[in-house]
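Numbering (mature numbering (1 follows the signal peptide of the UniProt record, and there is no 0)), first residue to last: -21 to -1, 1 to 410.
What follows is the structure, encoded as structure tokens:
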């Protein structure tokens, strides 16, 4: 991971720098202005998703009467597109902005459009957060911090205890973790579950693929923005593993978030999901017939990975950089990360939270009374880093995923599909 962070993001940086220079300019419509009351400062804060930050902002306002915080929440894609547009135009950006981790590399090439949080006091809190999470918020040289860490998405094994029991397997989370301690063991347990229950082991070929993909140090793109799809790449390894599991009959055809998938989660029509910590919140609210039938265990270290999470940044357009930083430092403190976890399921990146009794003993009724938080905390500490994604991560991902779906659904030749997907990815990079 350290080696990757030392490589400059040259091509993409040059392109966006040109775009930003061409579009820069002032705008008299700046919303970062003092309000009518003398000494009062208004901070615009753009967020996405269900964070509960509105309530925490009100708490901060009570403690700091001269600060008013206007929270605007949008859908994830709309939020990032609007932010990218305003930064490119040089006007209209908020004082504070959330950045989703899969979108982050898209913004890192515009370093001059953000405040360096190291200049505002971030060094003082650096040791309070997971090292890999903190480092992923820096530039490639490690001397510029874009955002303070908020939530993370450590992955774990969600499994149906009734199907494991039917297959003659242990159901205790520690025993399951000890049993499934390698990719090979994952495969062996999957065979036993499928043979004994008739159900697929994992829900989809995408989740089988992501077992290795999410843990890759270098996924589709290198930090030089070059494709990383050679025959010995980590992506090809993940692709081959998914094809292998599919050949063994262990992979279902449920697309995540589809009605069919939701019904399968509820009814127990597959046995395991490689999901992040935020998935349990969805399960608790959407699978009423599955209460008490799912547990969570750690994954093999080869699959240890993060899926999701955010940072909070301060665009350089703001007139109140220090005030904005002071608020976000307070917002992502361990005390407030615990509140966000309890109220909205945002899994904390502040390590002190993992030692809090309220965190360790937080039993989940949906998971049969299991305290799942320590499992995800252990998973978070097994992660060594987050691989570079780049601006075209999702388009390339979709091409590889389409190849896998053709293999599963149409019986297509895996190698021909791989070669065709690589060619499509190469064409994407030329656009």
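Ideal Cβ placement from N, Cα and C applies to all residues, glycine included.
Q: Measure the alpha-carbon distance for residue 121 versus residue 102 and round it to whole angstroms.
A: Indexing the chain shown from 1 puts residue 121 at position 142. Indexing the chain shown from 1 puts residue 102 at position 123. Residue 121 and residue 102 have their C-alpha atoms some 12 Å from each other.
Q) Taking the alpha-carbon positions, what's the residue 266 to residue 241 distance? A) Looking up residue 266 in the chain shown gives position 287. Looking up residue 241 in the chain shown gives position 262. Rounded to the nearest angstrom, the two C-alpha atoms are 7 Å apart.
Q. Excluding the five sequence neighbours on either side, which residues of its own chain have a C-beta within less than 8 Å of the C-beta of residue 276, listed in chain order?
A. Sequence index remark: in the chain shown, residue 276 carries index 297 (1-based). 135, 136, 138, 152, 153, 155, 156, 159 and 354.
(Q) Tell me which residue opens and which closes the alpha helix (DSSP H) that residue 240 is part of. (A) The sequence position of residue 240 within the chain shown is 261, counting from 1. It spans 238 to 246 - the alpha helix (DSSP H) in which residue 240 sits, taken as one unbroken run.
Q: Could I get the ranges of all uninterrupted beta strand (DSSP E) runs contained in the stretch 214 to 301, with 3 residues as the minimum, in chain order?
A: 251 to 255, 273 to 276 and 285 to 292
Q. Does residue 323 have its Cβ less than 8 Å from a Cβ in chain D?
A. You won't find chain D in this structure, because it holds only one protein chain.
Q.
Taking a contact to mean a Cβ-Cβ separation below 8 Å, would you say residue 21 touches residue 52 in this structure?
A. Along the chain shown, read from residue 1 onward, the residue named residue 21 stands at position 42. Along the chain shown, read from residue 1 onward, the residue named residue 52 stands at position 73. Against a cut-off of 8 Å, the Cβ pair of residue 52 and residue 21 comes out as no contact.
Q. Given that a residue counts as buried once 16 or more other Cβ atoms are within 10 Å of its Cβ, and exposed if not, what is residue 34?
A. Working through the chain shown from its first residue, we reach residue 34 at position 55. Exposed, since its Cβ has fewer than 16 Cβ neighbours within 10 Å.
**Q.** Coarse secondary structure for residue 53, derived from DSSP in three states
**A.** Numbered from 1 along the chain shown, position 74 holds the residue referred to as residue 53. If DSSP states are grouped into helix, strand and coil, residue 53 belongs with the strands.
Q. Ordered along the chain, which non-local residues of its own chain (more than five positions away) have a Cβ less than 6 Å from that of residue 72?
A. Start at 1 with the first residue of the chain shown, and residue 72 comes out as number 93. The residues are 65, 66, 294 and 296.
Q.
Rounding to the nearest angstrom, what Cα-Cα distance links residue 106 and residue 126 in this structure?
A. Residue mapping note: residue 106 aligns to position 127 of the chain shown, counting from 1. Residue mapping note: residue 126 aligns to position 147 of the chain shown, counting from 1. Cα-Cα distance, rounded: 15 Å.
Q: Tell whether a beta-carbon distance below 8 Å holds between residue 313 and residue 80.
A: Your numbering for residue 313 matches position 334 in the chain shown. Your numbering for residue 80 matches position 101 in the chain shown. In this structure, residue 80 does not lie closer than 8 Å to residue 313 by Cβ.
Q | Reference residue 309, options 324, 325, 291 and 323, closest by Cα | A | Here residue 309 refers to the residue found at position 330 of the chain shown. A check of alpha carbon separations from residue 309 across 324, 325, 291 and 323 identifies 291 as the nearest.
Q) Taking the DSSP output, what are the residues bridged to residue 414? A) Any property of residue 414 remains undetermined from this structure, which presents the chain solely from -21 to 410.
Q | CB-CB length for residue 116 against residue 128, believed under 8 Å | A | The sequence position of residue 116 within the chain shown is 137, counting from 1. The sequence position of residue 128 within the chain shown is 149, counting from 1. Sure, about 6 Å apart at Cβ, within 8 Å.
Q | Spatial neighbours of residue 195 in its chain, beta-carbon cut-off 6 Å, leaving aside the 5 residues before and after | A | Here residue 195 corresponds to residue number 216 of the chain shown, with the count starting at 1. If we look at residue 195 and ignore the five residues flanking it on each side, its Cβ neighbours are 213 and 366.
**Q.** residue 152: first and last residue of the uninterrupted alpha helix (DSSP H) it sits in
**A.** By one-based count along the chain shown, residue 152 stands at place 173. Its alpha helix (DSSP H) spans residues 152 to 158.
Q) Taking the Cβ atom as the reference point for each residue, do residue 281 and residue 161 lie within a distance shorter than 8 Å? A) Taking the first residue of the chain shown as position 1, residue 281 is located at position 302. Taking the first residue of the chain shown as position 1, residue 161 is located at position 182. Yes, these two residues count as a Cβ contact at 8 Å.
Q.
Using DSSP's beta-bridge definition, name the partner residues of residue 97.
A. Locating residue 97 in the chain shown gives position 118, counting from the first residue. Beta-bridge pairing links residue 97 to no other residue.
Q. Nearest-angstrom Cα distance between residue 77 and residue 205?
A. Along the chain shown, read from residue 1 onward, the residue named residue 77 stands at position 98. Along the chain shown, read from residue 1 onward, the residue named residue 205 stands at position 226. So the alpha carbons of these two residues sit roughly 27 Å apart.
(Q) Would you call the stretch 175 to 194 in contact with the stretch 247 to 255, where contact means no fewer than 3 C-beta pairs closer than 8 Å? (A) yes
**Q.** Segment limits, beta strand (DSSP E) that includes residue 134
**A.** Locating residue 134 in the chain shown gives position 155, where the first residue counts as 1. Counting along the chain, the beta strand (DSSP E) containing residue 134 begins and ends at 126 to 139.
Q) Using the beta-carbon count (16 or more within 10 Å), is residue 92 buried or exposed? A) Locating residue 92 in the chain shown gives position 113, counting from the first residue. So residue 92 ends up on the buried side.
Q: List the residues that DSSP assigns as beta-bridge partners of residue 200.
A: Counting from 1 along the chain shown, the entry for residue 200 is found at position 221. Residue 200 is bridged to 206.
Q) From this set, 97, 89, 40 and 218, which residue's C-alpha is nearest residue 69's C-alpha? A) Within the chain shown, numbered from 1, the residue matching residue 69 stands at position 90. Answer by Cα proximity: 89.
Q: Give the straight-line distance between the Cα atoms of residue 273 and residue 248, rounded to the nearest whole angstrom.
A: As a position in the chain shown, residue 273 is number 294, starting the count at 1. As a position in the chain shown, residue 248 is number 269, starting the count at 1. Taking the straight line joining both Cα atoms gives about 12 Å.
(Q) Could you give the first and the last residue of the continuous alpha helix (DSSP H) run that contains residue 338? (A) The count along the chain shown starts at 1 and reaches residue 338 at position 359. Its alpha helix (DSSP H) spans residues 336 to 339.
Q.
Between the alpha carbons of residue 86 and residue 178, how many angstroms are there, rounded?
A. Numbered from its first residue, the chain shown carries residue 86 at position 107. Numbered from its first residue, the chain shown carries residue 178 at position 199. Cα to Cα, residue 86 sits roughly 42 Å from residue 178.
Q) Which class does residue 343 belong to by DSSP, given the choice of helix, strand or coil? A) As a first step, residue 343 must be located in the chain shown, where it is residue number 364. Shown here, residue 343 sits in a strand according to DSSP, grouped into three states.
Q. According to DSSP, what are the bridge partners of residue 367?
A. For the purposes of this step, residue 367 is taken as residue 388 along the chain shown, with counting starting at 1. The partner list for residue 367 (beta bridge, DSSP) reads 197.
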